[in-house]
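Chains as they are written, first to last, in the numbering used here: chain C, 615 to 938; chain P, 38 to 759; chain V, 5 to 222. Think of the CB as a built atom: it goes at the ideal place given N, C-alpha and C, for glycine as much as any other residue. Working notes, structure below.
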Amino acid sequence: MQAFEYASPKSVQSAVKLLGSSWGGTAIMAGGTDLISAMKDGVVTPKRVVSLKNVKALDQIRASGGLRVGALATIRQLLDSPVRQNFPGVYQAADGIRGEQMRHMGTVGGELLQRPRDWYFRSGYGLLAQHDGKSLIPDGQNCYSAILGNSGPAYFVNPSSLAPILIALDAKVTLHGPSGQREVELSKFYQTPKSEDEREYVIKPDEILTEITVPAGSAKTATYEIREKEGLDWPLVAAAVALQMDGNTVKSARVVLGHVAPVPWPSPEAEEALNGKELTEETADAAGKAAVSKAAPLSQNGYKVQLTRVAVKRALMRAAKGEA
Amino acid sequence: MATCKYDWPPEGHRGLIGKSVERLDGPHKSSGRAQYTYDTNPSGRLIAKLCSCPYAHAKVTSIDVSAAQKLPGVKAVLVVHPAGDEIQWAGDEVAVVAATTEEIAEDAVRLIKVEYQQLPHLVREEDLQKAQQAGRTKEGGEQTAGDPAKAFQEADLVISEGTYGVPVITHCCLESHGSVVEWPDAKSIRIWSSTQNVSGSPGQLGQGLRLKKVDIEDNNIETICNYIGGGFGSKFSPDRWGIEAAQLSKMAGGAPVRLMLDRDRELQMAGCRPSAYAKVRVAAKKDGTLTAWDSESWGTGGPGPAGHPPLPYVIQPPNHHWKHTAVLANIGEARAWRAPNHPQACLITMSALDDLACKLDMDPIELLKKNVNLAPPVLRRAYSEELVKAAELADWKKNWHPRGDKTAGHIKRGMGVSMHTWGGRGHNSTCNITIRPDGSVTAQLGSQDLGTGTRTVIAITVAETLGLPVDAVKVEIGTSKYPPSGASGGSTTVGGVSNSTRRGAVDARDELFAAVAPSLGVQPADLEAWNGKIQVKSDPSKCLAWKDACAKLGVKTIQSTGKNPGPCHLGDSGVGGVQIADVSVDTETGQVKVNHIVAAQDCGLIIDMKTAESQVYGALIMGVTYALFEQKVMDEALGVMLNPNMEFYKLATVGDFGEFTVHMMTGPGYDERGVIGLGEPPVISPGAAISNAVANAIGVRVPTLPLTPDKVLAALEKGAMA
Amino acid sequence: MRRKKDRPGKAGPEKSAFTRRDFLKGAGVTVSGGLLVGGTVASAAPPGSEAGFVGPGAVPVTLRVNGKVHKLNLEPRVTLLDALRDRLSITGSKKVCDRATCGACTMMIDRKPVYGCTVLAIEAQGHNITTIEGLASDGKLAPVMEAFVQHDAQQCGFCTPGFVMACTAYLERDQNPTMEEISKNLGGNICRCGTYWGIRHAVLEASKGMKGGAHGNV
């Protein structure tokens, strides 16, 4: 790890002042598990680290009506909060983050902002995994790569466990910058970088994510992950659903996929296949099929198409059953 | 009854042997007090870091370490590969830096300027043709027995063909490779080394240093290893890193230098289990009698040849032919990985036999039973009994079904069987036993405890022989100053140390009997040591408590030396083992869940049942791991390992398997064979048993490990099309 | 830097105002008076200052480990794990993956389990740090340690301290774990020898033992 200056301001305002206006020079640290690992790998080499540890009141969770989660609330806090009853899909997503250490250290804000796990990126070949002017992914080891939104130049998958369900619930994030605060819909928070100068989200280098807000609602929610290991591991694919129901009929559905594209991937195709239909195994399966209708797998990740289809179906059935 | 004086006590006369005794160093480990090499912090200790080559194959054209040398805190910089040297795998160090802190050492490494000329590389070997076209193959051996060509032509045969394989995996020892080395004076070296070979290490280090023109006598090298955080066959020498650390220490005026590999280097170059892929044809008569085998296998163990899988494994059809091709790949060198080459051979053979059983419409256990006479004679009885026992414990009759679970739903259940073998004869070992007049007892050996329970086994052996409780024996191992004992590899340690210890302890005991006999008014031969007393065999009421007996020594201390090999039959070689796996496969997702594994294992006379069972439990988990998760993932374009970390080099966690049933074969037929090693055998079969169980569940073979969702789904798709 | 041997009974030839222990582990250790031995002098204001930042050079860092206060002089980039292991010779927590994955470095901060490899030492100031060395009191094994011995939940033992810490922290939260919960909550630790079978049983056993509330100090 390269040397850096360290600051731990007490307010968001003073934290913002310590940040640079371009990527790379400064980094914000919350739980630290991802940032410090990436710094050790030399993937990021900030000259200054601004810790949010001493910023007060960023770790609150309020779950009456809607849901307001401070960016520094830990995964453990989220699991212990009333989301289990109010937003089972959020609980299930958080429950996919394994190991008490990670749950205690990892923050909700950090979870949304962690860098992709893509092994080319983590090996120092950049977000776009370019080598000699061309992407390493199509002919390389792409078993974990994107199957949607992968027309290039980015092939990594968004690593967040929480983003899909939060997007399905129309969450917004609050960003504080030098000129004040702004709210961004989480669905518009992530982007597919077109060059190495861009990041995978729209937050600016001198902005801090402080809060995640989910509006009150009565949607039935669920997250279903397909993973290799029971312990700490990143899912192969995940599906998050939020369903407005009228009896057994889907009034309106939100379906968002995780780990399949450079951004959390909303699936209007799956939603369309559900809206106005009775929720059964058959319609759930049809929605799964629709979700991957535009998938374009690479040489090694065709299996993720099938997994995604199944994850959507199972998430829907889990929501229908109201599993907590 | 004993006919030779060192013989193990017969059943009924054993106080400790074969019982479940808690690991002697358990409290040290669980409380964090156990000091490993990585924990060694002598005052003034410097930390060394590697400057590594990022390319798989390259020539160093220039190297400039001057800026690193000037950095404050840097005490020594050693160029390992000067300009002109060729590098054979990514991660190999071209220079090493020792500095006062880890941070300074890392900074210094970043200041080293190296220029390379990249050379063509090959890092992936699954495609043999590609490797051959690149000229990166070498003949790896060939053998024919009987007349396989003719045998395959016989009428009325059932012939099964298939391709099977196991990728390169790594050892991933939790304590990485490395050492802490110092020169206490200009002529001697003390090295704390994470090693499986305490006694052999000084000679290896001395030789390595002399090749580097560093003057040192082996005699003046002390190797210390009280605890080692995993080896699995990858830590038999101080390695070039130990030699480099010694050189750095010398350059830094003798200061202790700690050189432990970072995790990425550990996975890139400190452990490679060779891959093995094979095209197999195997034939049997309709009644299941195996007649012929033919296999063409290939695999890589790095840039040099790395042996071959012993095919056909365990069961050898009378007519067989195998041919192996070594692929020379630019990846870290092969190292022995727990049961070298056996898990690969086992997966290939047992998968082929299982596919053949399916074609024969035969229960695979029946097929193995039918052909058990094709196994080595010494193992036939064990296999026959183990097949029966394992089947019973797995409730095979009830749970097994012909290939393809026909029940409704997407969760399919299946059962698979495999069998394995290993040698495990005790290595050369010397043990010094001391009995002092105050009754204290010490056993000293230049051995090491890899976590297998070596300390505990030594203590039990001494305690059993002297009729004492285990905690009355002080076991001293872990330095080359003690009498030499072999490296801990190939399951040779338990046999080696228990046999040398037994011989030493019997001699010490007999010397004590001689000192005590007069006071009890009997001959020494009339005495026995039992339950903390030296007593007369025919009249146990005539006895002396241990301490009182030892007091008869006066000022004399008993010191005896036991060796292995030596007189009397205390150990043997050759064990068998049968494992049955019960799995569930989600056919929608390709996820495999191991519900249950039964392991029936023999290893002769068991000294400590508890640590013996632990070896088997541990091996099953290691087996589940390589069956389901592990592989060294290489990128051909870059020539680098993409998962040199513990996030994507996936190892099983506590919830990644169901139940295990371990049954150790003991009693008549097993005990009298004496002590035989156990570390390797139980890790051989899990891959094959699990793979066979998956095939049984889903109706098609997933040809290669690990059995990841992508491969399971691909096999299902292929099966559906067939 | 002068080199001294760290072997009992062999006093170095140098006469020094400092005891051998003060010299222990080379750069960065200060004696309680604040004198520096090795390393560089603090380059900026103390951490947490509203004035701005500290580093990148070494700064004074105070850590409270197992109830004992240690004053160090560290660069901000030094992790808590490295500070404990390399500067203070508190080596029960192991360095294995060094990337918040394997759990060998598990320790507790204010009784919560963390991966010490991804905590900056400077950030651990003002908190109670508990390592495995602080778990057993009066040389007596803590209940989890005892259960690990009893169920042979250890082989090479390198993952064991991390597992014991993770199990302890977990059982302090939940004293009636199910197997499924154990899988999830202890899924942040990796053993290579394959001791999970014993660990499962040890956790269940220890959960009984801990219901009496017998914790270590701090």
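Check your understanding: Of all the options C:912, C:906, C:702 and C:711, which has the alpha carbon lying nearest to the alpha carbon of residue 924 of chain C?
Key -> The residue with the shortest Cα to Cα distance from residue 924 of chain C is C:906.
**Study point:** CB contact below 8 Å: residue 164 of chain V versus chain C
**Key:** Judged by the 8 Å Cβ criterion, residue 164 of chain V is not in contact with chain C.
**Study point:** 8 Å contact criterion, which residue 294 of chain P and residue 282 of chain P should meet: CB distance rounded
**Key:** The beta carbons of residue 294 of chain P and residue 282 of chain P sit about 5 Å from each other, so the pair counts as a contact at 8 Å.
Review point. Can you list the residues of chain C that residue 751 of chain P reaches, using a CB-CB cut of under 9 Å?
Key: Under the 9 Å cutoff, chain C gives 916 and 917.
Exercise for review: May I ask you to report which of helix, strand or coil DSSP gives residue 387 of chain P?
Suggested key: The answer is helix: DSSP assigns residue 387 of chain P an H, G or I state.
**Study point:** Candidates C:871, C:833, C:874 and C:903: closest to residue 865 of chain C by CA position
**Key:** It is C:833.
Check your understanding: With a Cβ-Cβ cutoff of 8 Å, do residue 807 of chain C and residue 814 of chain C count as a contact?
Key -> In this structure, residue 807 of chain C sits near residue 814 of chain C, with a CB-CB distance shorter than 8 Å.
Check your understanding: So, is the C-beta of residue 208 of chain V closer than 8 Å to a C-beta in chain P?
Key -> So no, residue 208 of chain V is outside the interface.
Exercise for review: Please state whether DSSP places residue 269 of chain P in a helix, a strand or coil.
Suggested key: If DSSP states are grouped into helix, strand and coil, residue 269 of chain P belongs with coil.
Exercise for review: Give a yes or no on whether the minimum CB-CB distance between residue 677 of chain P and chain C is below 8 Å.
Suggested key: Closer than 8 Å: yes.
Point to revise | contact_flag[the region 748 to 757 of chain P, the region 635 to 653 of chain P] where n(CB pairs < 8 Å) is 3 or more | key: For the pair of segments examined, the region 748 to 757 of chain P was found not to touch the region 635 to 653 of chain P: the number of CB pairs separated by less than 8 Å stays below three.
Point to revise | Uninterrupted beta strand (DSSP E) stretches inside the region 233 to 285 of chain P (no shorter than 3 residues) | key: Listed in chain order, the complete beta strand (DSSP E) runs (minimum 3 residues) inside the region 233 to 285 of chain P are 258 to 261.
Check your understanding: For residue 113 of chain V versus residue 136 of chain V, is the C-beta spacing smaller than 8 Å?
Key -> Against a cut-off of 8 Å, the Cβ pair of residue 136 of chain V and residue 113 of chain V comes out as no contact.
Review point. Is it buried or exposed for residue 696 of chain P, if we count other Cβ within 10 angstroms and need 16 for buried?
Key: It is exposed - the Cβ of residue 696 of chain P has fewer than 16 other Cβ atoms within 10 Å.
Practice item. Look up residue 3 of chain V in the DSSP assignment and say whether it is helix, strand or coil. Key: Because chain V spans 5 through 222 in this model, residue 3 of chain V falls outside it and cannot be assessed.
Check your understanding: Any Cβ of chain C within less than 8 Å of the Cβ of residue 107 of chain P?
Key -> Taking Cβ atoms only, chain C never reaches closer than 8 Å to residue 107 of chain P, which makes this a no.
Point to revise | Contacts that residue 731 of chain C makes with chain V (C-beta to C-beta distance below 8 Å) | key: Listed along chain V, no residue sits closer than 8 Å to residue 731 of chain C by beta-carbon distance, the nearest being about 11 Å off.
Point to revise | Distance between residue 688 of chain P and residue 163 of chain V (C-alpha atoms, nearest Å) | key: When only Cα atoms are considered, residue 163 of chain V and residue 688 of chain P end up about 13 Å apart.
Practice item. List the residues of chain P whose Cβ lies closer than 7 Å to the Cβ of residue 737 of chain C, in chain order. Key: What residue 737 of chain C touches in chain P: 677 and 679.
Check your understanding: Which residues in chain V sit within 8 Å of residue 719 of chain C, going by Cβ to Cβ distance?
Key -> Residues of chain V passing the Cβ test: 104, 118, 119, 122 and 123.
Review point. Rounded C-beta distance between residue 190 of chain V and residue 171 of chain V? I'm assuming under 8 Å.
Key: Contact check for residue 190 of chain V and residue 171 of chain V: beta-carbon distance about 7 Å, within the 8 Å limit, so the pair qualifies.
Check your understanding: Helix, strand or coil for residue 930 of chain C per DSSP?
Key -> In the displayed model, residue 930 of chain C falls within a helix according to three-state DSSP.
**Study point:** Nearest residue (CA-CA) to residue 671 of chain C, options C:687, C:706, C:664 and C:660
**Key:** Between residue 671 of chain C and the set C:687, C:706, C:664 and C:660, the nearest pair of CA atoms involves C:687.
Review point. In chain V, what lies closer than 9 Å to residue 364 of chain P by C-beta?
Key: Within chain V, no residue comes near residue 364 of chain P; the closest Cβ sits about 27 Å away, beyond 9 Å.
Practice item. Name the residue from P:451, P:226 and P:274 whose alpha carbon lies nearest to the alpha carbon of residue 234 of chain P. Key: Checking every option, the nearest Cα to that of residue 234 of chain P belongs to P:274.
**Study point:** Cβ-based neighbour list, residue 551 of chain P, same chain, cut-off 6 Å, excluding 5 preceding and 5 following
**Key:** Closer than 6 Å at the Cβ level, and outside the excluded window around residue 551 of chain P, lie 561.
Exercise for review: Assuming residue 714 of chain C and residue 147 of chain V form a contact by the criterion Cβ under 8 Å, report the distance between their Cβ atoms to the nearest whole angstrom.
Suggested key: Incorrect: roughly 18 Å between the Cβ atoms, too far for contact.
**Study point:** Chain-ordered chain C contacts of residue 666 of chain P [CB-CB under 8 Å]
**Key:** Result: 842 and 843.
Exercise for review: Scan the region 653 to 673 of chain C for residues whose Cβ lies nearer than 9 Å to a Cβ of chain V and list them as they occur along the chain.
Suggested key: Per Cβ criterion, the list reads 653, 654, 655, 661, 662, 663, 664, 665, 667 and 668.
Review point. Near residue 838 of chain C, what residues of its chain come up, given a Cβ to Cβ distance below 7 Å and the 5 sequence neighbours on each side ignored?
Key: The beta carbon of residue 838 of chain C is closer than 7 Å to those of 852, 853, 925, 928, 929 and 932 in its chain, skipping five residues each way along the sequence.
Practice item. Could you tell me if residue 133 of chain P is buried or exposed, where buried requires 16 or more neighbouring beta carbons within 10 angstroms of its beta carbon? Key: Label assigned to residue 133 of chain P: buried.
Review point. Quick one: what does DSSP say residue 40 of chain V is sitting in, helix, strand or coil?
Key: Any reading at residue 40 of chain V must be qualified, since the residue scores a pLDDT of 31, below 50, and its modelled position is unreliable; no value is offered.
Review point. Does residue 757 of chain P come within less than 8 Å of chain C when only Cβ atoms are used?
Key: Closer than 8 Å to the CB of residue 757 of chain P there is not a single CB belonging to chain C.
Point to revise | Cβ pair count under 8 Å reaching 3, the region 652 to 667 of chain P against the region 727 to 739 of chain P | key: Because the criterion of three Cβ pairs below 8 Å is met, the region 652 to 667 of chain P and the region 727 to 739 of chain P touch.
Point to revise | Environment of residue 536 of chain P [buried if 16+ CB atoms lie within 10 Å] | key: Per the 10 Å Cβ criterion, buried.
Point to revise | Cα-Cα separation, residue 533 of chain P to residue 462 of chain P | key: Each residue's alpha carbon lies about 8 Å from the other.
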